[in-house]
Every structure is written in C-alpha cells, then in structure tokens.
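Residue numbers (our numbering), protein chains in the order written: chain A, 1431 to 1685; chain B, 8 to 74.
Every residue, glycine too, gets a C-beta built ideally from N, C-alpha and C.
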Amino acid sequence: MLKINDRTFDSRLLLGTGKYPDLDTQKKAVDVSGTEILTFTVRRMNIYEEDQPNLLEQLDTQKFTLLPNTAGAKTAEEAVRHAKLAHASGLCDMVKVEVIGCDKTLLPDPVETLKATEMLLNEGFTVLPYTSDDVVLAKRLEDLGAHAIMPGASPIGSGKGILNPDNLRFIIEQSHVPVIVDAGIGSPGDAAEAMEIGADGILLNTAVSAAEDPVKMAEAMKLSIQAGRLGYEAGRIPEKRYASASSPEEGVSTT
Amino acid sequence: MKLRINGTWTTLGEEIQTVGELMEHFSLEQKSVVVEQNEEILANGNRDSRVLKDGDIIEIVHFVGGG
C-alpha cells in the first residue's frame, strides 16, 4: 500500500501521459498498468484550431488521482502559478513540483524546487517534488513537509536507469515519507532494481509510451514493480565471494 | 473589444461581453478549461459571469499529456 499524505494506493506505479503514439494505445496501456495516479501538465489551449482528442476527456476521473506537474516552470513563482491553474480545474489537490534548471540535462533546479515546495505547502497543496538524487536536498525537502520525495534515477527520458544506487539507498533510508523514483527508468529491470532498493513507488512515462509495444511494456512495468517490492519485503540474501552448496554435502550416494 | 488571448491580440464583436460568452464563441463551454483574467485565476463558480474589458489579458489552459 502506497500512502501519500491522506491517500492510499494499491498500485506503486505512477504513469505519465505524454508522447503516446495514439489515444487508443494510451488507454490500453493505462488500463493494463494498473496505475491509480496519472500525471498531466497544464498548457495553453489551442483555441483557434479543432482540438485534438484529449485523454482526460475520456477518463473516468473518479477512478484516477490526477497529479499535475509544473513542467515548463523555471522559477518557483512559475511553478506555483502552474499548480494553481491545475488546482482551479477542480480535479486535483496534489502537485508534482518540477522546476527545470538546465535545458540540456533537464535536471531540476534545487534552489527553485525547494522554494516552490515551501510556497505550495503553505498554500495547502499535497506536494511531491521531483528532485535530483542529492541526499541532503531530499532531507531538506522532507524537513519542509514535502509529502513524498521523487528523486530522478537519471535524466528525464534518457532511459539510463539508476545511475547512483547508493544515493538512492541513502535517500530511502533517511526518509519518513514515500520515495518515488521519478525519471530515467528505461526497462522493467530498472524499475525492479529501484523497488528492490526500497523505493515506495516509480513514476515513469517514456519507458512505456515510447516502447515498441507500450501496452506490453505497461504490463511489464506493473509486474516488475510488484516483483521488486516483494523482493524488498522478502529480504534478499547477502552476497558472498565463494559458492555455498544448496544441496546437502552429507549422505552423497557413491559406489 | 481587443483582448490578448493566449498570447495573441484578438478583436471580438460587441456580442461578447463576459467570459461565458467568450467560452461559447470558442466552443469551450463543455470543455474542462481554466481561465485566467489579468493574472487572476477565475473560480469555476463565478467564471462565466465575469465581465471582459478592452485590453484584458486572458489565458485559457487545459491539461495535456505529460510526465
């Protein structure tokens, strides 16, 4: 059970809604993923042209928790504005703080992220900041009252998996709020690895939406996150340098 | 009246005096959109009756796919 502020979720997968090949594929992927939290972003409506079909208009918004992000914001003030616009829809009270500080790496701006988190907490939002895997920054965000910490595994959309598992482990060990690995997951193995380390959830988008078969990948991610979580709860064996026989060494029948 | 809507200056006919009429003009009355007038987000309840005036900066936003 994933608990974020006062809400609980059976699924530990948070799914992004960008860059799918078509709406039908997206709906099927969302369905098989078992996700209960979908991320969105706020953009200007193209009022002068016929509107493209929009997933949100076809979703049962009672069935999903919507998590708007503040993507596009470069300052804390812009992030707060995005969050307020999203909240005014009446569809959500959670927000993923995403303040990008570098166009090339899309890495978050730590100072603005911290500021935006504080401002939005003061406004009463449930705040989930997307952050780098900086251990001290994660602590500072939790101290402010962030409802979850969302460290990136590697740059957004890179699919490089977990670049620094040690940092991720430190963040997980110190946190008293859920740690959701957000960004950089490429394969089911990456997702399972994060869950085995002890992450409480995974937020991913491109790994599913840009896969050759997004629907199949959505199912693979669901299963790998479940497997990784079970493995974490079960407690893996310590690694050893030498072999250790699985079969009894006594009573071997010889002639 | 001239309004800047989503970054573009647009001249509208006399018949459009309120945000509600603006929504109808662009066929947005059934859509899930959020409207901002001069940097003030309009709450759904009193949005449509809000009176427009010449030179208003209007932003009309909605949710799109994102991660």
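- [ ] Check distances from the C-beta atoms of the stretch 46–62 of chain B to those of chain A and list, in chain order, the residues that come in under 8 Å.
- [x] Ile48, Leu49, Ala50 and Asn51
- [ ] Please report how far the alpha carbon of Leu1497 of chain A lies from the alpha carbon of Gly74 of chain B, in whole angstroms.
- [x] 9 Å
Task: For Thr1547 of chain A, three-class secondary structure by DSSP - done: helix
Task: Cα-Cα separation, Ser1639 of chain A to Ser1677 of chain A - done: 45 Å
Task: Delimiting residues of the beta strand (DSSP E) encompassing Pro1559 of chain A - done: Thr1556 to Thr1561
TODO: Using DSSP bridges, identify the partner residues of Met1524 of chain A.
DONE: A:Thr1556
- [ ] Taking Leu1634 of chain A as the reference, give the member of A:His1577, A:Ile1627 and A:Ala1622 with the closest Cα.
- [x] A:Ala1622
Task: Start-to-end residues for the alpha helix (DSSP H) that takes in Gln1656 of chain A - done: Pro1644 to Ala1664
Task: Cut-off 7 Å between Cβ atoms - residues of its own chain near Ile1627 of chain A, not counting five sequence neighbours on either side - done: Pro1595, Leu1598, Arg1599 and Ile1602
Task: DSSP beta-bridge partners of Val1460 of chain A - done: Val1460 of chain A is not bridged to any residue.
Open item on the list: Judging by CA-CA distance, which residue of A:Leu1550, A:Ala1518, A:Ala1673 and A:Ser1562 is the nearest neighbour of Leu1537 of chain A?
Closed with: A:Ser1562
TODO: Rounded to whole angstroms, what's the CA-CA distance from Arg54 of chain B to Glu31 of chain B? Just pull it up for me.
DONE: 13 Å
Open item on the list: Taking the alpha carbon of Thr1495 of chain A as the reference point, which residue from A:Thr1547, A:Asn1435, A:Lys1545 and A:Tyr1450 has its own alpha carbon closest?
Closed with: A:Asn1435
Task: Classification of Ala1583 of chain A by the beta-carbon crowding that lies within 10 angstroms, buried from 16 upward - done: buried
Task: Rounded straight-line distance, which links the Cα of Thr18 of chain B to that of His1532 of chain A - done: A quick correction: the sequence has Cys, not His, at residue 1532 of chain A. Computed Cα separation, rounded: 38 Å.
Task: Backbone secondary structure at Arg1570 of chain A - three-state DSSP - done: helix
Open item on the list: Just to make sure I have the definition right: I need the residues of chain B whose C-beta is within less than 8 Å of the C-beta of Ile1477 of chain A. Which are they?
Closed with: Ile12, Asn13, Phe33, Leu35 and Ile67
Task: Interface residues of the stretch 1437–1450 of chain A facing chain B [CB-CB below 8 Å] - done: Gly1446, Thr1447, Gly1448, Lys1449 and Tyr1450
TODO: With 8 Å as the C-beta to C-beta threshold (strictly closer), list the residues of the stretch 1495–1521 of chain A near chain B in chain order.
DONE: Leu1496, Pro1498, Asn1499, Ala1501, Lys1514, Leu1515, Ala1516, Ala1518, Ser1519, Gly1520 and Leu1521
Task: chain B residues whose Cβ lies nearer than 8 Å to that of Ile1469 of chain A - done: Sequence check: residue 1469 of chain A is Thr here, not Ile. Residues of chain B passing the Cβ test: Gly73 and Gly74.
Open item on the list: Quick check on the burial criterion: 16 or more other C-beta atoms within 10 angstroms. Buried or exposed for Ala1576 of chain A?
Closed with: buried
Open item on the list: Just to make sure I have the definition right: I need the residues of chain B whose C-beta is within less than 8 Å of the C-beta of Glu1487 of chain A. Which are they?
Closed with: Lys38 and Ser39
Open item on the list: Give me the chain A residues within the contact set of Glu43 of chain B, using Cβ-Cβ distance strictly less than 8 Å, ordered along the chain.
Closed with: Leu1515
- [ ] To the nearest angstrom, report how far apart Ala1675 of chain A and Met1625 of chain A are at their CA atoms.
- [x] 28 Å
- [ ] Please decide whether Thr1561 of chain A counts as near chain B, where near means a Cβ-Cβ distance under 9 Å.
- [x] no
TODO: Please confirm if Ile1586 of chain A has its CB atom under 9 Å from at least one CB of chain B.
DONE: yes
Task: Assigned secondary structure, Gln24 of chain B (DSSP; H/G/I helix, E/B strand, else coil) - done: coil
Open item on the list: By the DSSP assignment, the alpha helix (DSSP H) with Phe1494 of chain A in it spans what residues?
Closed with: Premise fails: Phe1494 of chain A is in no alpha helix (DSSP H) and is neither H nor E.
TODO: Could you list which residues in chain B have their beta carbon closer than 9 Å to that of Asn1484 of chain A, in chain order?
DONE: Lys38, Ser39, His69, Phe70, Val71 and Gly72
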